[in-house]
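Here's the structure, in structure tokens; my notes come after.
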Amino acid sequence: MERRVAIIGAGTSGLVACKYLLQFGFHPTVFEADDGVGGLWRHTMESTKLQNNKQMYQFMDFPWPSSVKEDNPSQNQVLDYLNSYAQHFSLIPHIRFNSKVIDIDYLDGESTEEIKSWELWGGKGKPFCSKGTWHVTVQNTKTLSTEVHKSEFVVLCIGKYSGLPNIPEFPPGQGPEVFDGKVMHSMDYSNLDNDTAAELIKRKRVAIIGSQKSAMDLAAECANANGVKYPCTIIQRNAHWFLPDFNVWGVIAGFLFLNRFAELSVHKPGEPFFLGLLATLLSPLRWGISKVVETTLKWKMPLKKYGLIPDHSFFQDLSTCLIAVFPDKFFDRLKEGSIIIKKSQSFSFCSEGVILDGEAKPLETDMVIFATGYRGDQKIRNMFKSTHFQNHIALPPTSSTVPLYRQIIHPRIPQLAIIGYAESLSNIFSSEIKSLWVAHFLDGNIELPNIREMEKEVKLWEENLKQYGGTYFWKTCVGNCAIWYQDQLCKDMKHNPRRKNGFFKELFEPYGHADYVGLTHK
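Going by full-length UniProt numbering, the final residue of the sequence shown carries number 522, and the count climbs one at a time with no gaps.
Set out below in structure tokens:
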């Protein structure tokens, strides 16, 4: 049987997947809709920069160049870094740019009834054991012509924060159609070139709907362009915990939350009885540490003054990967009035602007930008031509997550892996270790349990995400038990999960990409 592998997307996930599959002797073809690598980093605002320290956002075997002095590189510097990675490992010849995948279809294989009867993934639990092949329909974005490529295995690296914006629905007569100004999503704004974006917001009163990182960055960009004469208003339902910077606070968070000792206070999917008991006994300590961090942040920044104190814990935002960093001089902009924050559980449009809860008059504005996220589950569902596989990607209210074993493989979809859907506090490393797992799996080094056992573990992870993530569990973040998760991947790849030298280092030092360098060897 042939072992053709197609990778969809040339962002960070697609690049590392390609790199490790090449290292393991495969010859993947990467399909990328854009004309260059970088994925989401090619579609960000001019002011966007890496919020992590660059040492926390780098590949295991490819450090940042010494020429990059900044701790938080700019968008262009990140793109240069990703391009250098692709060039260094000779990935470019394997990437087909300007090639947009329209859909994928599993054909010439088992019937739907046969697939439903499988006890093992793909019929035999192996990556290249099914009869069918994936037919990948690709459109040339320049000529609009289409062609079909056949592959025995597909790796989806399409991300979840692009392509399909999440836009709220409104009753008739209360939506954007009655507004005299312009309405757009942050995705469309980020896709504009810098000059066009600057001209679009110039001398306009902008209202931004959202409370997370993209909303704050948008507001800062508008405030820098327009000042107090044309203030920017952020309309949010709930505040989230933000850090003043990640260079210092990231280190603090690492020692408080991101080591093995910290994970002892957290219940983990599939944990033995003793670890579950220990997590219960240590839960007051976890609560206390979270409260100390919250109190310190409230003392450090004027959160109460501007209505930016969340109604949930710091630990919950950490557990859902919602911890972010305020833009530079954000509180200076609030103080001078170029940024205004309003809280409203709902809103509607009128001709002059938007109507907020408890406000006697409409908020007059010239432009409304939705920073309301993306529909990542629908984006993955849309990739499948077959309704049979579409139905395995359940949408709300039935489910709010894509059920993936090891956060990589769907138990009911053969010969396919998904990298970049589940999140962590270091997405570049998360994609890298998952890509290594996929390479080991395709090379025959990993045995899968039966489908029922895989689905049982998926359910355990979903329950854990709900326990600690609250209403944001759908983000599928493994931030609070990342080491536990990485231990499982290491064991699957037959590597020692204990990556540090010495008992105290193993227990108290934060884990990061540098601890897993040895996994890069076949």
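Note that beta-carbon positions come from the ideal geometry of N, C-alpha and C, so glycine has one too.
Legend entry - Cβ neighbour criterion (16 or more within 10 Å) applied to W287: Exposed.
Legend entry - Run of the beta strand (DSSP E) containing A6, from where it starts to where it stops: V5 to I8
Legend entry - Beta-carbon spacing of I158, T372 below 8 Å: No, Cβ-Cβ distance for I158 and T372 is not below 8 Å.
Legend entry - Contacts around V206, its chain only, beta-carbon distance under 6 Å, and the 5 residues preceding and following it disregarded: C222, C232 and M367
Legend entry - residue 547, buried or exposed, once every other Cβ within 10 Å from all chains shown has been counted against 16: An answer regarding residue 547 cannot be provided, because it is not within the stretch 1 to 522 covered by the chain.
Inset, instruction - Give a yes or no on whether 8 Å exceeds the smallest Cβ distance from G250 to chain D. - result: Absent from the structure: chain D. Only one protein chain is present.
Inset, instruction - Excluding the 5 residues preceding and the 5 following A279 in the sequence, name in chain order all residues of the same chain whose CB lies nearer than 8 Å to its CB. - result: L264, S265, V266, H267, K268 and E271
Legend entry - Residue interval of the alpha helix (DSSP H) (run including S430): N427 to L442
Legend entry - Every unbroken alpha helix (DSSP H) within the segment 26 to 109, with a cutoff of 4 residues, ordered by chain: 75 to 88
Legend entry - Segment contact, 8 Å Cβ cut-off, at least three pairs: the segment 53 to 71 with the segment 100 to 107: no
Inset, instruction - Please report how far the alpha carbon of G376 lies from the alpha carbon of I8, in whole angstroms. - result: 15 Å
Legend entry - Distance, V68 Cα to F347 Cα: 44 Å
Inset, instruction - Give a yes or no on whether the C-beta atoms belonging to V138 and F31 are separated by under 8 Å. - result: yes
Inset, instruction - Output yes or no for whether 8 Å exceeds the beta carbon distance between V458 and L404. - result: yes
Legend entry - Backbone CA spacing between N259 and K304 [nearest angstrom]: 31 Å
Inset, instruction - Please report how far the alpha carbon of L22 lies from the alpha carbon of H312, in whole angstroms. - result: 44 Å
Inset, instruction - Below 7 Å CB to CB, which residues in the same chain sit around S130 once its five sequence neighbours on both sides are set aside? - result: The residues G109, E110, G122, G123, P414 and Q415, in chain order, have a CB closer than 7 Å to that of S130 in the same chain once the five nearest residues on each side in sequence are set aside.
Inset, instruction - Ignore the nearest five residues each way along the sequence and tell me which others in L489's own chain have a CB closer than 7 Å to its CB. - result: R406, I433 and W437
Legend entry - CA-to-CA distance, I115 to L442, given in whole angstroms: 20 Å
Legend entry - Any 3 or more C-beta pairs closer than 8 Å across the segment 282 to 301 and the segment 208 to 218: no
Legend entry - Other residues of its chain near R42: CB distance less than 8 Å, five sequence neighbours each side excluded: For R42, where only same-chain residues beyond five positions count, the Cβ hits under 8 Å are D34, G36 and L79.
Legend entry - Contact under 8 Å by Cβ, V16 with A417: no
Inset, instruction - Express the C-alpha separation of I323 and P310 in angstroms, rounding to a whole number. - result: Taking the straight line from one Cα to the other gives about 12 Å.
Legend entry - Inter-residue Cα distance where the pair is H135 and T146: If you draw a straight line from the Cα of H135 to the Cα of T146, it is about 12 Å long.
Legend entry - Buried or exposed (CB count within 10 angstroms, at least 16 for buried), S13: buried
Inset, instruction - Please list, in chain order, all residues of the same chain as T48 whose beta carbon is under 7 Å from its beta carbon, the five residues on each side excluded. - result: Excluding residues within five positions, the ones whose Cβ falls inside 7 Å are Q75 and D217.
Legend entry - residue 523 burial status per 10 Å Cβ neighbour count (16 or more: buried): No statement about residue 523 is possible, as the shown extent of the chain runs from 1 to 522 and does not include it.
Inset, instruction - Report yes if the CB atom of Y57 is closer than 8 Å to the CB atom of I428, and no otherwise. - result: Contact flag set, yes.
Inset, instruction - Report the option in E152, L356 and S99 whose CA atom is closest to the CA atom of R237. - result: L356
Legend entry - Endpoints, the beta strand (DSSP E) within which T133 is located: T133 to N140
Inset, instruction - May I ask you to check if the CB of L164 is nearer than 7 Å to at least one heavy atom of the ligand COA? - result: Among the components modelled here there is no ligand, and therefore nothing to report on the ligand COA.
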